[in-house]
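Chemist: Below are the structure tokens for one structure; questions will follow.
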Amino acid sequence: MSEPLLTVKNLSVDFHTARGTVNAVKNVSWSVGRGETLAILGESGSGKSVSANAVMNLLDIPPAEIVSGEIFYEGEDLLKVSYEKHRALNGKKIAMIFQDPLGHLNPVYTVGWQIIEMMTAHGRPADMARARALELVTRVGIPEPEKAMHKYPHQFSGGQRQRLMIAMALMLKPDILIADEPTTALDVTIQAEVLALLKELQAETGMALVLITHDLGVVAEIADRVVVMNKGEIVEEGVTRDVYHNAQHPYTRKLIDAAPGKGEIKLLDKAAPLLLDAKKLCKTYGKFAALKDVSLTLARGQSLAVVGESGSGKSTLARTLLRLEEADSGEALWKGRDLITMGRSELLGVRRQIQMVFQDPTQSLNPRMSVYQLIAEGWDIHKLMPDRSKRRARVIELLEQVGLSPEHVDRYPHQFSGGQRQRIAIARALALEPELIICDEAVSALDVSIQAQVIALLDGLRQRLGISFLFIAHDLGVVRDFADTVIVMKSGEIVEYGPTAQIFDAPQQPYTQRLLAANLDPDPDVQAQRRAALIHA
Amino acid sequence: MTKMIGQRAIASLLSLLGLMILVFFLSRLTGDPAVLFLPIDATEEMKQQFRALHGLDLPLIEQFGRYVLDLLQLDFGESLRKARPAIDVVLEAYAWTLPLALITMGLVVTSAIILGSLAAFNVGGFFDRLVSIVSLIGASAPDFWIAIVAIVVFSIGLGWVPTSGVGTPMHWVLPIAVLFIRPFGLVVQVVRGSMISALGAPYVKTARAKGVKNLPLIFVHTLRNGMLPVITVIGDQAAALLNGAVIVETIFGFPGVGKLMIDSILQRDFNVVLAAIMVTAVAIFIMNILIDLAYGLLDPRIRN
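Note that the protein sequences, when read in sequence, are chains A and B. Each residue of the first sequence is one higher than the one before, starting from 1 at the first, in this note's numbering. Each residue of the second sequence is one higher than the one before, starting from 1 at the first, in this note's numbering.
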């Protein structure tokens, strides 16, 4: 490695909160050189973003406190320079892009104004800034760049917004670009495009790239070196390939092993009785067709995955089957009775049999209800378990079934971690002894290691209790591990539908092939091969 | 946008109609103007004559019918007391109230935005605490009390400004100052709260990462977002001032629409009361439209 451009040395940061002091990062050291890509890998709460925020002077002090450490850039300690000097470096020498480009772009100003401001804020003349902005907006691949400059952030797609953020960050040709989860909110195909763009731009400008991520696939695709963080400390660092193939620390090993998509593919039990038979479901919102002639069947104990990019109609399909949305036409036979035309009282009975687990357990669990109340509420709605004295024992039984313990019964959702909360949501669904559980991105918000546990839990329930799953997901690795059948959707239509093995090993449709190709493998060698193949093709 | 204004106009016309019916009949409940206008020793004959002259002897429903017919021709009737068209009397008073309201609100909005934003930027600091205390006192102090204390101190005690009336610019100082206090206190607190949450938004982090200086960070990046909830409160306060600051105008003998309304009610000058209420309602309607337009102007997301 050449002379490091930016060096973080023994940085420790505390957060003083109402509940006490948290050591957000402890003795963290890393450095990045010109033209190099360093990934900071970690799960939520690992402190992976803290050091980057310290580099940019973006920590809120208080509650944050920099306890010790140095950050060297061009021979100066950034933690000691004046506020004004640090401000002048931000954007000009070190730029940053963020996870959620919709939230991180100002909603009330045009993107052109915001991109130009990157230069005018550092004293460059406006006409020069305008020319440079137009050049970059064109370079990052925004269609009709002249017009795009006058549009507002909400008028672009997620991928375009991230491209615009990148254009803004590169206005002053910074030495270092820090990207904090830049592709986490994007679809896989868009993620691949954005990562490729970052790499191209890095090659053109020779800038250093610091990429903060939780995704091993992103690391494999783009990083030269990686530091792995856990609970505020760096547990391992090195060249990406070495770390992947020869991880020393148990945490790194656990992270690599937990990466989905490596297990044995499940086979469909063809003898199982049919539970759901949906035919030609259609749903439009105004002129927009959300579902176009969608047909599917689901047998007892089957796990059917629906994959597709955002806006493909996955969630509309689930909502239509639950009658949270009314289908325009088509039928959905649940044990021979049509869900779409069913009367209210009959529907209530069926709703007990079909339960749903949502993406974000923080939002889907009422924060003011205890675990007991959350789980037992369904019994009141459906007039089950009339003997209240037995309810508590049953709730405890359910908690144990999802891997929680009896003492959790009177706690409230905020006292649990994200993974535990999702277990509560699953226990709530199980309380009504459903025959089908619809999981709408139920594991997407969870860390990889937790994700693997929840998937194993769901699969155990499927095998032991014979519950069927309709599993909506965008993460192909997870789908490969969990589903026996896969539906690929695009623009409200089914593109491909078949056994998991066939979809993953021999996809027929170009769209499915593209989706699979864009899915990142945690193995850097596999990714390198795919890249080579792509260039070759 | 034109559609929105059209819908608003229709809704406002309906409520204007309801208001007119309500005020017309309620004001008749206050008693007979003839008793108040004629000398105490006037004979019943004279009173009859007076009523016949002003159409007050007709059945109530017929009086209302005539009133509505006149109104459709924009004729608000005569003022009993001043023997001039009621609308002229009202518009004359508005010529006083409107500048009073505009100057006061202008000062309120400018100072509240600047102070509230700076307080929000430094939450918990000395300046923030000072602004919070001052605005809390302002928002909760009764204006009639402040008006009287101000007269005692600044007019009678120090002799800096006249006690009441109009004529010189100095006559405007106390009414404006007293009217300023309460809306200022309220708007500062709303600005501060709104700016605190807006300053925590991700796009502010982006601006800091871009190296934007603090003043544009607050007043360019954040303020426009933070203003959205503030606008509603500003409109509400401005409406109260347009209504005529009844108490303050009365105390300072300021010939605005608030004082006119009180006087006209006491004198049973029904036509003036009705005209004043109608004109105020129209003014508030126009202001609501302006607020909707301001929303669209500030936030591109709600333009369509």
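Think of the CB as a built atom: it goes at the ideal place given N, C-alpha and C, for glycine as much as any other residue.
Could you work out which residues of chain A lie near GLY119(B), taking near to mean beta carbons separated by less than 7 angstroms?
Modeler: Position 119 of the second sequence, counted from the first residue, corresponds to residue 119(B). Here the sequence assigns Ala to residue 119(B), which means Gly is not the residue at that position. What ALA119(B) touches in chain A: nothing, since even the nearest Cβ is about 17 angstroms away.
Chemist: Would you mind giving the Cβ-Cβ distance between HIS474(A) and SER449(A), rounded to the nearest angstrom? I have them listed as a contact below 8 angstroms.
Modeler: To locate residue 474(A), count along the first sequence from 1; it is residue 474. To locate residue 449(A), count along the first sequence from 1; it is residue 449. Actually they do not touch by this definition, with Cβ atoms about 19 angstroms apart.
Chemist: Buried or exposed: which applies to PHE126(B), given that a residue is buried once 16 or more other Cβ atoms fall within 10 Å of its Cβ?
Modeler: Working through the second sequence from its first residue, we reach residue 126(B) at position 126. PHE126(B) comes out exposed.
Chemist: Candidates GLY159(B), ILE5(B), ALA101(B) and TYR67(B): which alpha carbon is nearest LEU17(B)'s?
Modeler: Reading the second sequence from its first residue, position 17 is the one you call residue 17(B). Answer by Cα proximity: TYR67(B).
Chemist: Taking the DSSP output, what are the residues bridged to VAL8(A)?
Modeler: For the purposes of this step, residue 8(A) is identified with residue 8 of the first sequence, where counting begins at 1. Answer is TRP30(A) and ILE71(A).
Chemist: Does the beta carbon of GLY125(B) come closer than 9 angstroms to any beta carbon on chain A?
Modeler: Taking the first residue of the second sequence as 1, we reach residue 125(B) at position 125. It does not: the Cβ of GLY125(B) has no partner Cβ on chain A nearer than 9 angstroms.
Chemist: Are three or more beta carbon pairs between the segment 299 to 306 of chain A and the segment 469 to 486 of chain A nearer than 8 angstroms?
Modeler: Yes: the two stretches touch, three or more of their Cβ pairs being nearer than 8 angstroms.
Chemist: So the candidates are ASN122(B), ASN288(B), GLY253(B) and LEU241(B); which of them puts its Cα closest to the Cα of VAL387(B)?
Modeler: Outside the displayed range of chain B (1 to 304) lies residue 387(B), so it cannot be described from this structure.
Chemist: Quick check on the DSSP output: the beta strand (DSSP E) that includes THR341(A) runs from which residue to which?
Modeler: On the first sequence, position 341 is the one that residue 341(A) refers to. Careful: THR341(A) lies outside any beta strand (DSSP E) and carries neither H nor E.
Chemist: Shorter than 9 angstroms from the beta carbon of ARG192(B) to some beta carbon of chain A?
Modeler: By 1-based counting over the second sequence, the position of residue 192(B) is 192. By this cut-off, ARG192(B) is not an interface position.
Chemist: Around the Cβ of PHE76(B), are there at least 16 other Cβ atoms within 10 angstroms (buried) or fewer (exposed)?
Modeler: Within the second sequence, residue 76(B) is the residue found at index 76, counting from 1. Looking at its Cβ environment, which holds 16 or more other Cβ atoms inside 10 Å, PHE76(B) is buried.
Chemist: Pick from LEU177(A), ASP387(A), ARG130(A) and THR512(A): whose alpha carbon is nearest that of GLY308(A)?
Modeler: If you number the first sequence from 1, residue 308(A) lands on position 308. For the residues LEU177(A), ASP387(A), ARG130(A) and THR512(A), the minimum Cα distance to GLY308(A) belongs to THR512(A).
Chemist: For MET1(A), which residues from the same chain have a beta carbon less than 6 angstroms from its beta carbon, with the 5 sequence-adjacent residues on both sides left out?
Modeler: For the purposes of this step, residue 1(A) is taken as residue 1 along the first sequence, with counting starting at 1. Legend: pLDDT at MET1(A) = 49, less than 50; position of this residue unreliable, value from coordinates given subsequently. For MET1(A), where only same-chain residues beyond five positions count, the Cβ hits under 6 angstroms are GLY33.
Chemist: Is ILE40(A) closer than 9 angstroms to VAL226(A) when the C-beta atoms are compared?
Modeler: Stepping through the first sequence from its first residue, residue 226(A) is reached at position 226. Stepping through the first sequence from its first residue, residue 40(A) is reached at position 40. Going by C-beta atoms, VAL226(A) is nearer than 9 angstroms to ILE40(A).
Chemist: Taking ASP484(A) as the reference, which of LEU267(A), VAL28(A), LEU5(A) and ILE97(A) has the closest Cα?
Modeler: The residue you call residue 484(A) lines up with position 484 of the first sequence. Among LEU267(A), VAL28(A), LEU5(A) and ILE97(A), the Cα nearest to that of ASP484(A) is on LEU267(A).
Chemist: Give me the Cα-Cα distance between VAL219(A) and LEU38(A), rounded to the nearest whole angstrom.
Modeler: Reading the first sequence from its first residue, position 219 is the one you call residue 219(A). Reading the first sequence from its first residue, position 38 is the one you call residue 38(A). Whole-angstrom Cα-Cα distance: 9 angstroms.
Chemist: Would you report the Cα separation of GLN73(B) and ALA239(B), rounded to the nearest angstrom?
Modeler: Here the question's residue 73(B) lines up with position 73 in the second sequence. Here the question's residue 239(B) lines up with position 239 in the second sequence. Using only the alpha carbons, I get a separation of about 27 angstroms.
Chemist: Can you tell which of GLN63(B), SER27(B) and VAL90(B) has the C-alpha that lies nearest to the C-alpha of VAL272(B)?
Modeler: Position 272 of the second sequence, counted from the first residue, corresponds to residue 272(B). Nearest option by C-alpha distance: VAL90(B).
Chemist: Taking DSSP's pairing of strands, which residues face THR213(A) in a bridge?
Modeler: Looking up residue 213(A) in the first sequence gives position 213. Bridge partners of THR213(A): LEU41(A).
Chemist: Would ALA24(A) be called buried (16 or more neighbouring beta carbons within 10 Å of its own) or exposed?
Modeler: Numbered from its first residue, the first sequence carries residue 24(A) at position 24. Counting Cβ neighbours within 10 Å, ALA24(A) comes out buried, since at least 16 surround it.
Chemist: For LEU322(A), which residues of its own chain have a beta-carbon under 8 angstroms away from its beta-carbon, when the five flanking residues on both sides are left out?
Modeler: The residue labelled residue 322(A) in the question sits at position 322 within the first sequence. Cβ neighbours of LEU322(A) beyond the five flanking positions: ARG351, ILE354, MET356 and ILE438.
Chemist: Please report how far the alpha carbon of PRO145(A) lies from the alpha carbon of LEU186(A), in whole angstroms.
Modeler: Along the first sequence, one-based indexing puts residue 145(A) at 145. Along the first sequence, one-based indexing puts residue 186(A) at 186. Each residue's Cα considered, the two are about 22 angstroms apart.
Chemist: Are any of the Cβ atoms in chain D nearer than 9 angstroms to that of ASP299(B)?
Modeler: The chain inventory of the structure shown lacks chain D, comprising the protein chains A and B.
Chemist: In the DSSP assignment, the alpha helix (DSSP H) including THR307(B) goes from what residue to what residue?
Modeler: Outside the modelled stretch of chain B, which goes from 1 to 304, sits residue 307(B), for which no answer is possible.
Chemist: Which residues in chain A have a C-beta closer than 8 angstroms to the C-beta of LYS205(B)? List them in chain order.
Modeler: Position 205 of the second sequence, counted from the first residue, corresponds to residue 205(B). The contacting residues are LEU58, PHE98 and HIS104.
Chemist: Determine the burial state of MET170(B): buried for a count of at least 16 other Cβ atoms within 10 Å of its Cβ, exposed for fewer.
Modeler: Indexing the second sequence from 1 puts residue 170(B) at position 170. It counts as exposed.
Chemist: Which chain B residues sit within Cβ distance under 9 angstroms of VAL306(A)?
Modeler: Numbered from its first residue, the first sequence carries residue 306(A) at position 306. Residues of chain B passing the Cβ test: none, with the nearest at roughly 31 angstroms.
Chemist: Between the C-alpha atoms of TYR571(A) and GLU221(A), what's the straight-line distance to the nearest angstrom?
Modeler: Because chain A here runs from 1 to 537, residue 571(A) falls outside it and cannot be looked at.
Chemist: Starting from MET278(B), trace the alpha helix (DSSP H) both ways and give me its first and last residue.
Modeler: Along the second sequence, one-based indexing puts residue 278(B) at 278. 270 to 298 is the span of the alpha helix (DSSP H), which, as asked, contains MET278(B).
Chemist: Applying a beta-carbon distance threshold of less than 9 angstroms, which residues of chain B neighbour ASN564(A)?
Modeler: One cannot answer for residue 564(A) here, as it falls past the ends of chain A, which runs 1 to 537.
Chemist: Whole angstroms are fine: how far does the CA of PRO255(B) sit from the CA of ALA93(B)?
Modeler: Within the second sequence, numbered from 1, the residue matching residue 93(B) stands at position 93. Within the second sequence, numbered from 1, the residue matching residue 255(B) stands at position 255. Looking at the two C-alpha atoms, the distance is approximately 6 angstroms.
Chemist: For MET1(A) and chain B, any beta-carbon pair shorter than 9 angstroms?
Modeler: Against the first sequence, residue 1(A) aligns to sequence position 1. Confidence at MET1(A) is low in this model, with a pLDDT of 49, below 50, so its placement is unreliable and the value that follows should be read with caution. Cβ-Cβ to chain B under 9 angstroms: no for MET1(A).
Chemist: For ALA294(B), decide whether its Cβ has a neighbour in chain A, counting only Cβ atoms nearer than 9 angstroms.
Modeler: As a first step, residue 294(B) is located in the second sequence; it is residue number 294 there, counting from the start. No, ALA294(B) does not count as interfacial toward chain A.
Chemist: Rounded to whole angstroms, how far is the Cβ of ALA95(A) from the Cβ of ALA169(A), which I believe are closer than 8 angstroms?
Modeler: In the first sequence, the residue the question calls residue 95(A) occupies position 95. In the first sequence, the residue the question calls residue 169(A) occupies position 169. Confirmed, Cβ separation roughly 4 angstroms.
Chemist: Can you tell me the Cα-Cα spacing of ASN246(A) and ILE381(A), whole angstroms?
Modeler: In the first sequence, counting from the first residue as 1, residue 246(A) sits at position 246. In the first sequence, counting from the first residue as 1, residue 381(A) sits at position 381. Each residue's alpha carbon lies about 53 angstroms from the other.
Chemist: Comparing alpha-carbon positions, which option in ALA121(A), VAL67(A), THR189(A) and GLY103(A) lies nearest ASN519(A)?
Modeler: Working through the first sequence from its first residue, we reach residue 519(A) at position 519. For the residues ALA121(A), VAL67(A), THR189(A) and GLY103(A), the minimum Cα distance to ASN519(A) belongs to THR189(A).
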